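Asker:
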C-alpha cells in the first residue's frame with residue numbers, strides 16, 4: 158500500500174476530548190467510605206471510634222509501608238517520633254459524606270466525639286466483607302491488628318507530635 162492510499166484510508170473526521178485525570182484510590186470518596194465502614198465494623202468496639210483513631214488506621218491502610226511502620230510501633234520496636242501520621246482531607250470528606258448519607262452518625266461532645274456505624278453502614282460493610290477480591294489486604298490488617306490500635310495507643314502516638 159502506498160502512503161497516499163493510507164492517507165485516503167484514514168481520512169475521517171476525528172476530535173480530541175479532554176478527559177478528567179483519574180484520582181488515586183486514596184482520594185476517592187468511595188474508597189474512604191469503604192475504609193471507614195470496614196474500620197468501624199471489623200475492629201471498633203460497639204462499631205464506634207474517635208476521629209483521630211480512624212485517621213491513624215486510614216493512614217496505615219494507605220500503603221504496606223505504613224502498615225509495617227504501625228506494626229513495628231505496636232510491637233514496641235520503633236519510636237513514635239519516627240512515624241508521621243498524615244491526616245487525609247479526603248478521608249474527612251468521606252466521613253462527612255457518610256454522615257450525610259446516614260451511614261454513620263457523630264456521637265458525644267466535641268471533646269469526646271465518636272463516629273458510630275449505623276445500620277446502612279453495617280450493610281455496606283457486610284457487602285464489602287463478602288467480596289473476596291475487594292480490599293483484601295486492608296481487611297486482613299484490620300482483623301489481625303486493628304483492635305490493637307485502641308484509643309489509648311492513638312492518644313499516646315499523637316501526644317508525641
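Numbering (my numbering), first residue to last: 158 to 318.
Cβ coordinates follow ideal geometry from the N, Cα and C atoms, glycine included.
Computed from a predicted model, the values in this text were never measured in an experiment.
Roughly how far, in whole angstroms, is the beta-carbon of residue 211 from the beta-carbon of residue 272, given that I think they are within contact range, below 8 Å?
Answerer: Numbered from 1 along the chain shown, position 54 holds the residue referred to as residue 211. Numbered from 1 along the chain shown, position 115 holds the residue referred to as residue 272. Rounded, the Cβ-Cβ distance is 6 Å, consistent with contact.
Asker: Taking the CB atoms as reference points, tell me whether residue 288 and residue 195 lie closer together than 8 Å.
Answerer: Residue mapping note: residue 288 aligns to position 131 of the chain shown, counting from 1. Residue mapping note: residue 195 aligns to position 38 of the chain shown, counting from 1. Cβ distance not < 8 Å, so residue 288 and residue 195 don't count as in contact.
Asker: Verify whether the separation of the beta carbon atoms of residue 197 and residue 205 is less than 8 Å.
Answerer: Within the chain shown, residue 197 is the residue found at index 40, counting from 1. Within the chain shown, residue 205 is the residue found at index 48, counting from 1. Yes, Cβ-Cβ distance for residue 197 and residue 205 is below 8 Å.
Asker: Closer than 7 Å by C-beta to residue 215: which residues in its own chain qualify, once you throw out the five before and the five after it? Chain order, please.
Answerer: For the purposes of this step, residue 215 is identified with residue 58 of the chain shown, where counting begins at 1. Only 192, 245 and 248 meet the Cβ criterion.
Asker: If we ignore side chains and look at the alpha-carbon of each, how far apart do residue 278 and residue 253 end up?
Answerer: Position 121 of the chain shown holds residue 278. Position 96 of the chain shown holds residue 253. If I take the Cα positions, the gap works out to 13 Å.
Asker: If you draw a straight line from the C-alpha of residue 232 to the C-alpha of residue 263, how long is it?
Answerer: Residue mapping note: residue 232 aligns to position 75 of the chain shown, counting from 1. Residue mapping note: residue 263 aligns to position 106 of the chain shown, counting from 1. Distance between the alpha carbons of residue 232 and residue 263 is about 31 Å.
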